[in-house]
Amino acid sequence: MTPPDEESEKERIWKALSEAGLIDIPPDEFAKRIKEAKHAVMGRLSELLEQTTDIQEREAAAYSLATLKEMERSVSRGGRRKSE
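Numbered as in this note's numbering, the sequence shown ends at 72 without a single skipped number.
This is the structure we're talking about:
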């Protein structure tokens, strides 16, 4: 049985991926979609860094960017394994 905290974390991740449109995309388009999302987050983060307010959104954008980079590395590693 899954502990309640772990289950809610999985639900939050699923919801975030679903809202980002990353659930039902073909695997061969996944890397492209991650790059598009990174580009959007970097643009917003750049805007936020020019402002002195909204630190929470800045932190959330930075966290999102780190998560997208990790996803990109995972997808990249997965692609290399398939071709080996």
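Note that beta-carbon positions come from the ideal geometry of N, C-alpha and C, so glycine has one too.
Of ALA49, ASP42, THR40, GLU17, the smallest CA-CA separation from ARG32 is found for ALA49.
If you draw a straight line from the Cα of VAL63 to the Cα of GLN39, it comes to about 33 Å. About 15 Å separates the beta carbon of VAL29 from that of LEU5, a gap too long to meet the 8 Å contact definition.
One thing to note: LEU36 has its Cβ within 8 Å of the Cβ of GLU45.
Contact between ILE13 and MET59 does not hold, since their C-beta atoms are separated by about 12 Å, which reaches or exceeds 8 Å. Counting of Cβ neighbours within 10 angstroms places ALA54 among the exposed residues, the total staying below 16. Within the same chain, no Cβ atom closer than 6 Å to the Cβ of GLU17 is found once the five residues on either side in sequence are excluded. Of all alpha-carbon atoms in ASP42, LYS26, HIS27, ALA19, the one lying nearest the alpha-carbon of ARG65 is that of ALA19.
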